[in-house]
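Notes follow once the structure below has been shown.
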């Protein structure tokens, strides 16, 4: 999810509450408190209501310099000064951005002060659930309309800087490697939202008992242009690796972990070789045994169980799926070959001017993996071409080991009624809702999100959800409401041991990662219920299921 400043303010209203103006003071309900603003010719200041009351705001502004000198000075430089102090029993850190020149003040007046940018980015990261010190106050002193100096107040976080942590010889190597992995996971979450930090030195990362925390956000940027994002991300990585000099092992591990993060689906596609056999154009994974390509082609064109280790798997009318066992350097490898058939003459004509279903499934699976979601590992794409036209296509994927179809798992859980199983079922529903919510938050639409197209690995937390039948899955810059509704209706059509309370539990967990829908949650529930009822009534199994005839859900307040 990408935020501009205007979109971010809009998302804040959706996440927390509507704004109200009273007595010249702007109040926003945020994280259990309210944001207070005071404005005069000398300064503009925003305060968190839990940090400072309305009467104390002027006192804090007048005393902030004296209290910084009396507090624990962490940094005292020409550009900024950082001090730790206590106010109203709250342990805080105050960072003052000093005046340097008239041009410097003019520049930051035009493009916002550094404290204001850090203040906004702090709330942005909170909305994205990326750990950062909670912003408590932002103060801007002005002279003649120019921002002369500014202050940022954040909650104090007790932790060790990453550079000191890595150099601490009392900490064993395994612990340091585990922390590096946590840090890379945090940065990857930041980069997935096309956000770059701007000053990613190790001293701007704190290691706490709850994990790494990102600080110093005034240089952070949200990117809409992919080229600029890639350039700034490369600078972030270069700056981070430059500081990874605690030991060769730590540096090598850091480089390896960052290199494992795919920058794009194109980079994932680079792992494939191009092969041509007769009129078949084949993209096959480089480590796939090339002498098995012929057996896959013969299996894809058979109409029943093929000889040898090939077995026909039940599938839809317009596909043929075969399960094959092939020999590789690491032993026997189980793969699935899915051949896509044309539904009609019109479908054949449409595919003369668009990508084949096999190619769309190939690219969609790589796109899901690139965005952090699970899909069966793609091993190859087979396309039979006649000139520029694709006449036939087949996708080859690896087997998902120890996977259970979601309907079967829900049905098995329903047959067991003990409290522990019920708790697992509810947790499974919430986690699946969160996964679907994150997909929609990133603009990803699954073409057929019925739970029969979801495979689950592990029968207890943590679950891993694998999405199959991805030929209509795509990523949008902004997910249209009709596509979001379509996916939610497809999920809501499930009749395998799911109660109305379970459906509401799913929707609440979904809303936590999709605040844009939260304001209209009641209307969304009614629309989903109506459309689900219409679709279910048209199914042959509608009369045999325990699916409720109507819904009248109302989300609980608070």
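Numbering (the numbering used here), first residue to last: 1310 to 1867. Idealized CB from N, CA, C, for every residue including glycine. These numbers come from a predicted model, not from an experiment.
Return helix, strand or coil for residue 1766, following the three-state DSSP convention.
Start at 1 with the first residue of the chain shown, and residue 1766 comes out as number 457. Residue 1766: strand per DSSP, three-state reduction.
Would you give the residue range spanned by the alpha helix (DSSP H) that residue 1713 belongs to?
The residue given as residue 1713 occupies position 404 in the chain shown. No alpha helix (DSSP H) holds residue 1713; the beta strand (DSSP E) holding it covers 1712-1714.
Is the stretch 1785-1798 in contact with the stretch 1715-1727, if contact means three or more CB pairs nearer than 8 Å?
no
Do residue 1541 and residue 1505 have their CB atoms nearer than 7 Å?
For this step, residue 1541 is matched to residue 232 along the chain shown. For this step, residue 1505 is matched to residue 196 along the chain shown. Yes.
Taking the alpha-carbon of residue 1538 as reference, which of 1515, 1503, 1507, 1547 has the nearest alpha-carbon?
As a first step, residue 1538 must be located in the chain shown, where it is residue number 229. When only C-alpha atoms are compared, the closest one is 1503.
Within the stretch 1393-1456, ranges of the alpha helix (DSSP H) (whole runs, at least 4 residues)
1411-1420, 1423-1436
Helix, strand or coil for residue 1672 per DSSP?
For the purposes of this step, residue 1672 is taken as the residue at position 363 of the chain shown. Three-state result, residue 1672: helix.
Answer yes or no: do residue 1688 and residue 1707 have a C-beta to C-beta separation smaller than 7 Å?
Walking along the chain shown from the start, residue 1688 turns up at place 379. Walking along the chain shown from the start, residue 1707 turns up at place 398. In contact: residue 1688 and residue 1707 (Cβ atoms closer than 7 Å).
Determine the burial state of residue 1386: buried for a count of at least 16 other Cβ atoms within 10 Å of its Cβ, exposed for fewer.
Residue 1386 sits at position 77 when you count from the first residue of the chain shown. Per the 10 Å Cβ criterion, exposed.
Which of the three DSSP states is assigned to residue 1339 in this structure?
Here residue 1339 corresponds to residue number 30 of the chain shown, with the count starting at 1. Confidence at residue 1339 is low in this model, with a pLDDT of 40, below 50, so the placement of that residue is unreliable and no value is reported for it.
Going by Cα to Cα distance, which pick from 1533, 1627, 1580, 1642 is closest to residue 1605?
Taking the first residue of the chain shown as position 1, residue 1605 is located at position 296. Among 1533, 1627, 1580, 1642, the Cα nearest to that of residue 1605 belongs to 1642.
How is residue 1469 classed by DSSP in three states: helix, strand or coil?
Here residue 1469 refers to the residue found at position 160 of the chain shown. Strand.
Can you give me the Cβ contacts of residue 1775 inside the same chain, cut-off strictly under 8 Å, excluding the 5 residues immediately before and after it?
Here residue 1775 refers to the residue found at position 466 of the chain shown. Excluding residues within five positions, the ones whose Cβ falls inside 8 Å are 1683, 1684, 1685, 1709, 1712, 1763, 1764, 1765, 1766.
Given 8 Å as the limit, is there contact between the stretch 1432-1449 and the stretch 1469-1478, that is, 3 or more CB pairs closer than that?
no
Could you tell me which of 1360, 1429, 1427, 1367 sits nearest to residue 1395, measuring between CA atoms?
Here the question's residue 1395 lines up with position 86 in the chain shown. Of the listed residues, the one whose Cα sits closest to residue 1395 is 1360.
Answer with buried or exposed for residue 1833, where buried requires no fewer than 16 other C-beta atoms within 10 angstroms of its C-beta.
Within the chain shown, numbered from 1, the residue matching residue 1833 stands at position 524. By the 10 Å Cβ count, residue 1833 comes out buried.
Counting pairs of Cβ atoms below 8 Å between the stretch 1802-1822 and the stretch 1781-1792, do you hit three or more?
no
From the DSSP output, read off the bridge partner residues of residue 1515.
The count along the chain shown starts at 1 and reaches residue 1515 at position 206. Answer is 1470, 1522, bridged to residue 1515.
Range of the contiguous beta strand (DSSP E) that encloses residue 1366
Residue numbering aside, residue 1366 sits at position 57 when the chain shown is read from its first letter. Looking at the DSSP string, residue 1366 is not in any beta strand (DSSP E); the run it does join, the alpha helix (DSSP H), is 1366-1379.
Helix, strand or coil at residue 1658 [DSSP, three-state]
Within the chain shown, numbered from 1, the residue matching residue 1658 stands at position 349. Note: residue 1658 maps to helix in three-state DSSP.
Three or more C-beta pairs below 8 Å linking the stretch 1397-1406 and the stretch 1476-1488:
no
Do residue 1671 and residue 1591 have their C-beta atoms within less than 7 Å of each other?
For the purposes of this step, residue 1671 is identified with residue 362 of the chain shown, where counting begins at 1. For the purposes of this step, residue 1591 is identified with residue 282 of the chain shown, where counting begins at 1. Contact: no.
By how many angstroms is the C-alpha of residue 1667 removed from the C-alpha of residue 1644?
Taking the chain shown and counting its residues from 1, one reaches residue 1644 at position 335. Taking the chain shown and counting its residues from 1, one reaches residue 1667 at position 358. Spanning the two alpha carbons is a distance of roughly 16 Å.
Give the single residue among 1411, 1669, 1716, 1367 whose Cα lies nearest to the Cα of residue 1701.
Numbered from its first residue, the chain shown carries residue 1701 at position 392. Residue 1701 has its Cα closest to that of 1669, out of 1411, 1669, 1716, 1367.
Measuring alpha carbon to alpha carbon, tell me which of 1761, 1695, 1456 ends up nearest residue 1717.
By 1-based counting over the chain shown, the position of residue 1717 is 408. Cα-wise, what sits closest to residue 1717 is 1761.
Short check: CB of residue 1872 to CB of residue 1822, under 7 Å?
With the chain represented from 1310 up to 1867, any question about residue 1872 goes unanswered, as that position is not in the structure.
Using the Cα positions of residue 1352 and residue 1543, report the straight-line distance between them to the nearest angstrom.
Taking the first residue of the chain shown as position 1, residue 1352 is located at position 43. Taking the first residue of the chain shown as position 1, residue 1543 is located at position 234. Each residue's Cα considered, the two are about 38 Å apart.
As assigned by DSSP and simplified to three states, the class of residue 1629
Position 320 of the chain shown holds residue 1629. DSSP places residue 1629 in strand when its eight states are reduced to three.
Tell me the residue span of the beta strand (DSSP E) that contains residue 1622.
Working through the chain shown from its first residue, we reach residue 1622 at position 313. Run containing residue 1622: 1619-1622, per the beta strand (DSSP E) assignment.
Whole angstroms is fine: what's the gap from residue 1356's alpha carbon to residue 1448's?
Position 47 of the chain shown, counted from the start, is the residue given in the question as residue 1356. Position 139 of the chain shown, counted from the start, is the residue given in the question as residue 1448. Between residue 1356 and residue 1448, the C-alpha separation is close to 8 Å.
Residues bridged to residue 1698 by DSSP?
In the chain shown, residue 1698 corresponds to position 389, counting from 1. DSSP output for residue 1698 lists 1695 as bridge partner(s).
Continuous alpha helix (DSSP H) stretch holding residue 1589: start and end
Translated into the one-based positions of the chain shown, residue 1589 becomes position 280. Here residue 1589 belongs to no alpha helix (DSSP H); instead the beta strand (DSSP E) covers 1589-1594.
Give me the Cα-Cα distance between residue 1589 and residue 1630, rounded to the nearest whole angstrom.
Numbered from its first residue, the chain shown carries residue 1589 at position 280. Numbered from its first residue, the chain shown carries residue 1630 at position 321. Answer to the nearest angstrom: the Cα atoms are 18 Å apart.
Do the stretch 1452-1460 and the stretch 1406-1420 touch if we need at least three Cβ pairs shorter than 8 Å?
yes
Please classify residue 1780 as buried or exposed, where buried requires at least 16 neighbouring CB atoms within 10 angstroms.
One-based indexing of the chain shown puts residue 1780 at position 471. Its Cβ being crowded by 16 or more others within 10 Å, residue 1780 is buried.
Residue 1332 - DSSP class collapsed to helix/strand/coil:
For the purposes of this step, residue 1332 is taken as the residue at position 23 of the chain shown. Residue placement at residue 1332 is poorly supported in this model, since its pLDDT is 32, which falls under 50; the coordinates are not used for a value here.
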